[in-house]
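Since the structure comes first, as structure tokens, the remarks are kept for the end.
Numbering (UniProt numbering), first residue to last: 1 to 196.
Below, the structure written as structure tokens:
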């Protein structure tokens with residue numbers, strides 16, 4: 001009788017342990033799924049970031065090339081002015097026109113440069129804004145993941161606590177059964193002894 005009860009209790013304990021293992025496995029699977037989801041969410045963002053950076057680099061290279069071309073043209077102009085024989089003196093009317101046009105040209109040149117640079121500056125600003133937005137999104141995702149992890153850990157702790165309580169309850173029941181059996185045995189033995 002006692003052996004049977006002990007066996008039953010052992011079986012119960014084993015079942016509880018199996019349940020706990022299953023729960024742990026489920027939690028691990030959940031964590032893995034969450035990590036996979038996070039990776040899937042982050043991959044497109046990272047790719048987008050890389051593409052934007054590449055685009056930015058290409059634009060900067062283009063700008064550098066344009067500036068180099070401009071410098072080359074200026075150098076050629078200077079060389080032509082130096083190497084070519086001096087032209088015949090222009091008529092005074094043309095000279096006056098040139099003198100009038102020169103300040104206008106000097107004003108227009110920085111404006112043109114500014115107009116050239118403006119789209120690029122705007123693009124840079126947009127890229128920076130996009131980068132900031134992406135970073136914010138990443139931070140939000142990380143925060144969400146951390147919250148989920150914390151919740152899962154809390155759940156795990158609660159389950160462990162529950163299991164411990166169940167084990168304690170089983171032990172108490174086992175002790176109670178043993179006491180009852182001992183009392184029964186003692187009473188039976190005593191009774192038998194008296195009857196003789």
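Beta carbons: idealized from backbone N, C-alpha and C, even for Gly.
For clarity, every value in this text was computed on a predicted model and none was experimentally measured.
One Cα belongs to residue 38, the other to residue 12, and the distance between them is close to 39 Å.
The beta carbons of residue 42 and residue 134 sit no closer together than 7 Å.
If you look at residue 103, you'll find it in the alpha helix (DSSP H) that goes 92-195.
Rounded to the nearest angstrom, the gap between the Cα atoms of residue 58 and residue 138 is 26 Å. When secondary structure is reduced to three states using DSSP, residue 15 falls in the helix class. The alpha-carbon of residue 91 is positioned some 30 Å away from that of residue 110. When 167, 130, 148 are compared, the shortest CA-CA separation from residue 51 is found for 130. Under the three-state reduction of DSSP, residue 44 is assigned to helix. Shortest Cα-Cα distance from residue 116 to any of 187, 62, 10 involves 62.
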